[in-house]
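Protein chains in written order, with our numbering: chain A, 1 to 115; chain B, 1001 to 1115.
Below you'll find the structure, written out as structure tokens, and then a few comments.
There are 2 protein chains.
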Amino acid sequence: MKRPFVHPVTEDLKLESVLYALADPVRLEIVRRLVNGDCPLNCSSAAPAHLAKSTQSHHFQILREAGLICSERRGTEVVNSLRLNEIEQKFPGVVGAILAAAKPLKCPDEEPRNG
Amino acid sequence: MKRPFVHPVTEDLKLESVLYALADPVRLEIVRRLVNGDCPLNCSSAAPAHLAKSTQSHHFQILREAGLICSERRGTEVVNSLRLNEIEQKFPGVVGAILAAAKPLKCPDEEPRNG
């Protein structure tokens, strides 16, 4: 039995944690994809493909602990959705302005992986 | 002769560095005071008073390297001003939204210091 994910409640969201979570090109890219995807995405779809699994999990954990995303197990996969409404309510305009200023991450995503 | 301060040019400003610089309550408070002060402030006036000098210098360095502030030596003191126009031009709305969402830092500022 895997441990359930822990998500902070809206009252406990901290601006510093949100900014720290977004102060990384990979995590910013994950949030960008979740916004553009407009629906929950599994970790592989939301994260740049060149990441090691453990690195990927670490990034999702930081986003989750900052309250930016909600993760949910569905069978063997984990799907992630943004908590944009709550974040917007607590820190109006912050994430929107950051996403508008963020450039898509250049990464070797589309290359076929061996093995 | 002290080393001159190094400031990144506008083209080299990075969103991630700006977010990282602001993802700390003390640095956010320094920026808040510089905005509210509306004029260049020396380090002691801009930083919460309970900080050790070396910690204070470290925070100003991170803000400077992110391009958020410009530091200048005037005699024996260093005065700091915000580079808000450049930051706003490069990342519209980001710092404004963050400052609007930021709460003033509670710190033992006004207490008399011994020694």
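Think of the CB as a built atom: it goes at the ideal place given N, C-alpha and C, for glycine as much as any other residue.
As the crow flies, the alpha-carbon of residue 1023 of chain B is around 8 Å from that of residue 18 of chain A. Around residue 1091 of chain B, the beta-carbon contacts reaching into chain A at under 7 Å are 101.
In the three-state reduction of the DSSP assignment, residue 1043 of chain B falls in the helix class, which pools H, G and I. Taking a C-beta distance under 8 Å as the contact criterion, residue 86 of chain A and residue 10 of chain A qualify as a contact pair.
Residue range 25-37 is occupied by the alpha helix (DSSP H) that includes residue 29 of chain A, with no beta strand (DSSP E) assigned at that position. Counted as a single uninterrupted DSSP element, the alpha helix (DSSP H) harbouring residue 1016 of chain B occupies residues 1015-1022.
Separation of residue 8 of chain A and residue 91 of chain A (C-alpha to C-alpha, rounded to the nearest whole angstrom) is 15 Å. Listed along chain A, the residues sitting closer than 7 Å to residue 1025 of chain B by beta-carbon distance are 16. Using a CB distance cut-off of 8 Å, residue 22 of chain A counts as an interface residue toward chain B. Exclusion of the five residues before and after residue 46 of chain A leaves 30, 33, 34 and 80 as the residues of its chain whose Cβ lies within less than 6 Å of its Cβ. When beta bridges are read from the DSSP output, residue 1082 of chain B appears opposite B:1069. Going by C-alpha positions, residue 73 of chain A is about 15 Å away from residue 39 of chain A.
For residue 96 of chain A, the uninterrupted alpha helix (DSSP H) segment begins and ends at 94-101. Taking a beta-carbon distance threshold of 8 Å, residue 47 of chain A does not count as an interface residue toward chain B. Along the stretch 24-43 of chain A, the positions whose C-beta sits under 8 Å from a C-beta of chain B are 24, 25 and 28, read in chain order. Of the residues B:1064, B:1101 and B:1075, the one whose Cα lies closest to the Cα of residue 1084 of chain B is B:1064. Neighbourhood of residue 94 of chain A in chain B, by CB distance below 7 Å: 1097, 1098 and 1101, in chain order. Taking C-alpha positions only, residue 1054 of chain B is separated from residue 1027 of chain B by approximately 14 Å. Per DSSP, reduced to three states, the secondary structure at residue 1074 of chain B is strand.
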